[in-house]
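In what follows, a single structure is set out as structure tokens and then discussed.
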Amino acid sequence: MKVLGIESSCDETAASVWADGEILSNVIASQAVHEQFGGVVPELASRAHHKTIWKTTSQALEESGVKIEEIDAIAVAQGPGLMGSLLVGLSFAKGLALTYKKPLIGINHIDAHLYANFIEHEETYPFVGLIVSGGHTRLVYVDKAFNHELLGDTRDDAAGEAFDKIGKLLGLPYPAGPEVDKLAKEGDPKFHDFPRSMINKGLDFSFSGLKTSVLYYTQEKGDEFVQNHLNDICASVSAAITDVLVAKLKRAVKKKKVKHVMLAGGVSANSMLRKKMSQFAEDQNLNLMIPALQYCTDNAAMIAVTGALKARVGDFDDLSLKPFARVS
Ligand code: ATP
Ligand code: MG
Ligand code: FE
1 MKVLGIESSC DETAASVWAD GEILSNVIAS QAVHEQFGGV VPELASRAHH
51 KTIWKTTSQA LEESGVKIEE IDAIAVAQGP GLMGSLLVGL SFAKGLALTY
101 KKPLIGINHI DAHLYANFIE HEETYPFVGL IVSGGHTRLV YVDKAFNHEL
151 LGDTRDDAAG EAFDKIGKLL GLPYPAGPEV DKLAKEGDPK FHDFPRSMIN
201 KGLDFSFSGL KTSVLYYTQE KGDEFVQNHL NDICASVSAA ITDVLVAKLK
251 RAVKKKKVKH VMLAGGVSAN SMLRKKMSQF AEDQNLNLMI PALQYCTDNA
301 AMIAVTGALK ARVGDFDDLS LKPFARVS
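As structure tokens, then:
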């Protein structure tokens with residue numbers, strides 16, 4: 001089976017071809033236009049998707065060596081995301097499906113982050129998954145494909161959002177998550193003890209208190225101090241966020257008594273988080289799945305592989321498929 005995946009939910013235009021268990025191409029066009037604004041501007045994102053989607057998709061097909069006529073299904077991100085951005089991908093995918101008479105599959109972008117793990121790891125259930133992305137922080141229990149039980153969610157900011165907003169406070173460019181990660185590698189995680197909100201309570205998350213705490217800290221210490229100790233502050237912030245994430249995952253694993261765990265979403269690229277999770281999995285003798293770095297942040301390979309999981313059971317959509325902005 002061969003699946004073409006298309007992703008346009010936010011500020012990455014991406015296309016990928018999955019064939020018989022393998023990713024043959026994975027093309028990502030990131031939109032640099034938003035950098036000057038310190039965040040994604042929805043109208044500019046839609047326009048950039050419109051401009052690049054044909055080129056990106058052609059390139060993905062070309063690199064894979066698979067002709068569009070040989071594709072068995074077209075999978076496309078349906079939501080959550082920016083409405084205008086999603087509409088570009090969805091309309092484009094519908095056009096292809098109609099022209100080439102191929103089945104269409106709408107994909108939940110958050111599910112796709114999770115199933116990105118099955119690009120390289122063996123498909124196994126039941127597992128507990130921790131989705132840590134720019135807009136979501138969720139713990140789920142999954143006993144079979146697409147059967148998700150929500151165990152915990154964020155009450156305010158998502159983990160990626162916390163990295164980005166705190167990084168911005170520290171003067172780092174958008175998206176600040178990878179920058180904080182890089183600086184933290186050279187710093188002391190014990191330099192300052194930032195709060196670990198709700199760490200001993202339940203499976204929900206809260207990161208807005210940490211953001212406020214960093215704001216007060218930087219105001220109190222002043223710019224010069226902050227810039228002189230940027231590595232240590234980034235390390236201490238990363239320690240606070242990752243301690244909470246690991247503690248919650250541990251609790252969920254204990255509660256559901258699973259042997260398989262997975263990390264997913266952009267923040268699963270974080271080196272401190274990957275290290276702590278690996279240590280935990282080793283201690284508990286768990287099978288830990290983390291996507292390769294190129295499949296952590298937004299990409300279409302995750303859309304294609306998730307499409308393949310749906311296509312194998314004939315779970316197709318028709319041309320009335322509509323985008324959605326949020327998950328419930
Ligand atoms: P969602 O998937 O929830 O709709 P999104 O698509 O914007 O949101 P992703 O692409 O999954 O999110 O992840 C992007 C987020 O991951 C950003 O917040 C970014 O800062 C963060 N991120 C990426 N790499 C790292 C890293 N190494 N360390 C920390 N955060 C990171
Ligand atoms: Mg992005
Ligand atoms: Fe995402």
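In UniProt numbering, the protein residues as written are 1 to 328.
The C-beta atom is built at its ideal place from N, Cα and C for all residues, glycine as well.
This structure is a prediction, so every number in the text was calculated from the model and none was measured.
In terms of CA proximity to HIS113, ILE290 leads the group VAL313, ILE290 and LEU215. Sequence-distant partners of ASP20 (beyond 5 residues in either direction) whose C-beta falls short of 8 Å from its own C-beta, in its chain, are MET1 and LYS2. When only Cα atoms are considered, VAL88 and HIS49 end up about 7 Å apart. Every unbroken stretch of the alpha helix (DSSP H) spanning 4 or more residues and falling wholly within the stretch 209 to 238 is given here in chain order: 223 to 228.
The ligand MG has no heavy atom closer than 6 Å to the beta-carbon of CYS296. For the 7 Å CB-CB criterion, SER30 and SER85 do not form a contact. Of the residues TYR115, GLN227, LYS248 and GLN59, the one whose Cα lies closest to the Cα of LYS310 is TYR115. At least one heavy atom of the ligand FE lies closer than 6 Å to the C-beta of SER133.
Taking 6 Å as the cut-off, the C-beta of ASP181 does not count as close to any heavy atom of the ligand MG. Residue burial annotation: PRO173 is exposed, with fewer than 16 other C-beta atoms found within 10 angstroms of its C-beta. Counted as a single uninterrupted DSSP element, the stretch harbouring LYS94 is not any beta strand (DSSP E) but the alpha helix (DSSP H) occupying residues 83 to 100.
Following the DSSP letters along the chain, one finds VAL3 inside the beta strand (DSSP E) bounded by residues 2 to 7. The way I'd put it, the stretch 226 to 235 doesn't touch the stretch 95 to 104; fewer than three beta-carbon pairs between them come closer than 8 Å. Between the alpha carbons of GLY266 and GLY209 lies a distance of about 21 Å. Following the DSSP letters along the chain, one finds SER30 inside the beta strand (DSSP E) bounded by residues 22 to 30. With 16 or more other Cβ atoms inside 10 Å of its own Cβ, LEU245 counts as buried. The residue from GLU224, LYS165 and ILE131 with its alpha-carbon nearest to that of MET262 is ILE131. Taking C-beta atoms under 8 Å as the contact rule, ILE303 and SER64 fail to qualify, at a distance of about 14 Å. Put simply, the backbone Cα of LEU44 is about 47 Å away from that of ASP283. Between LEU139 and LEU203, the C-beta spacing is below 7 Å. Pairing ALA301 with ASN26 gives a Cβ-Cβ distance under 7 Å. When C-alpha distances from VAL237 are compared across ASN200, ARG251 and GLU179, the shortest belongs to GLU179. When ILE23, VAL128 and ILE53 are compared, the shortest CA-CA separation from ALA145 is found for VAL128. By the beta-carbon neighbour count (other beta carbons within 10 angstroms, threshold 16), SER268 is buried.
For ARG47, there is no enclosing beta strand (DSSP E); the residue is part of the alpha helix (DSSP H) that begins and ends at 42 to 64. Boundaries of the beta strand (DSSP E) around MET289: 287 to 289. With a cut-off of 6 Å, the C-beta of ASN270 is classified as near the ligand ATP, since at least one heavy atom of the ligand falls inside that distance.
Where GLN284 is concerned, the enclosing alpha helix (DSSP H) starts and stops at 271 to 284. Judged by DSSP in its simplified three-state form, TYR115 adopts helix.
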